[in-house]
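Before any comments, here is the structure.
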């Protein structure tokens, strides 16, 4: 186990009381600790010391990290390596390189040796679903997106840039339609409000029309979608 130092090289992991964390220096007004995806990331202003900040907030970190691990273990125990859920519908996984990637009649056929083909198929399917939602929510809000990107994002479900480009995580293909609705509505609302302030939340609630997903619900979707993507690309092979 490597000891933490104040010479943070890149995004290398460090440890505090046996728990791994990473450090990022950003131009932020307030330092914070992010554990939304399970990895503990300490986000600091230049000149701050990570261990001092962690020590000050350790009770909060430990509580939420333990909750994260409990939710992760419960979620993964419910999943089957031989199936995935695509936009809420169950599909049996067929691993056959002769047939090529396809989705039909409750089955998804993939080739573990050619994961890019599988991802391109899923990307096209997800893009169609997202474009319809972006058009609907944008019209309701009276805003317009410039471009839509589907990417394998590491920590976020979606993004909205200052150029009015919207980006969405490919793993959204494994979530429920209602959850996808929320993520798209969230990013479309950023076309008007590039923050998460009171007005943003008010307009998002009106646009989405339902209660937003809870933090636990979002975590469960993250674990499920990560597991399913790894099944289809061969990372979970025994």
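Residue numbers (my numbering): 89 to 326.
Where a beta carbon is used, it is the ideal one built from N, C-alpha and C, also for glycine.
Problem set entry | Classification of residue 138 by the beta-carbon crowding that lies within 10 angstroms, buried from 16 upward | buried
Exercise. Going by C-alpha distance, which of 116, 151, 286 and 287 is nearest residue 131?
Worked result: 116
Exercise. Under the rule that 16 or more other beta-carbon atoms within 10 Å means buried, what is residue 227, buried or exposed?
Worked result: exposed
Exercise. Using 8 Å as the Cβ pair cut-off and three pairs as the minimum, do the stretch 161 to 170 and the stretch 310 to 317 touch?
Worked result: yes
Exercise. In the DSSP assignment, what residue or residues form a beta bridge with residue 111?
Worked result: 130
Exercise. Helix, strand or coil for residue 257 per DSSP?
Worked result: strand
Problem set entry | Classification of residue 273 by the beta-carbon crowding that lies within 10 angstroms, buried from 16 upward | buried
For this session: Identify which residue in 303, 194, 279 and 213 has its Cα closest to the Cα of residue 232.
Result: 279
Problem set entry | Backbone CA spacing between residue 101 and residue 149 [nearest angstrom] | 16 Å
Exercise. Excluding five sequence neighbours on each side, which residues of the same chain lie with their C-beta closer than 6 Å to the C-beta of residue 321?
Worked result: 203
Problem set entry | DSSP beta-bridge partners of residue 197 | 182 and 190
For this session: Please check the pair residue 257 and residue 246, which I expect to be a contact at CB under 8 Å, by giving their CB distance rounded to whole angstroms.
Result: 7 Å
For this session: Tell me where the beta strand (DSSP E) around residue 243 begins and ends.
Result: From DSSP, residue 243 is part of no beta strand (DSSP E); its letter is neither H nor E.
For this session: Tell me where the beta strand (DSSP E) around residue 116 begins and ends.
Result: Residue 116 -> no beta strand (DSSP E), and no H or E assigned at all.
For this session: Check whether the Cβ atoms of residue 262 and residue 301 sit closer than 8 Å, and answer yes or no.
Result: no
Problem set entry | Euclidean distance between Cα positions of residue 190 and residue 198 | 7 Å
Exercise. Using the C-alpha atoms, what's the distance from residue 212 back to residue 243?
Worked result: 21 Å
Exercise. From what residue to what residue does the beta strand (DSSP E) around residue 315 run?
Worked result: Here residue 315 belongs to no beta strand (DSSP E); instead the alpha helix (DSSP H) covers 303 to 321.
For this session: Assuming residue 176 and residue 264 form a contact by the criterion Cβ under 8 Å, report the distance between their Cβ atoms to the nearest whole angstrom.
Result: 4 Å
For this session: Kindly identify the DSSP beta-bridge partner or partners of residue 172.
Result: 179
For this session: Alpha carbon to alpha carbon, how far is residue 184 from residue 287? Give it in angstroms, no decimals.
Result: 50 Å
Exercise. Hey, residue 218 and residue 196: beta-carbon distance below 8 Å or not?
Worked result: no
Problem set entry | Where the alpha helix (DSSP H) through residue 262 begins and ends | Here residue 262 belongs to no alpha helix (DSSP H), and DSSP marks it neither H nor E.
Exercise. DSSP puts residue 237 in a beta bridge; with which residues?
Worked result: 255
Problem set entry | Where the beta strand (DSSP E) containing residue 121 begins and where it ends | 120 to 122
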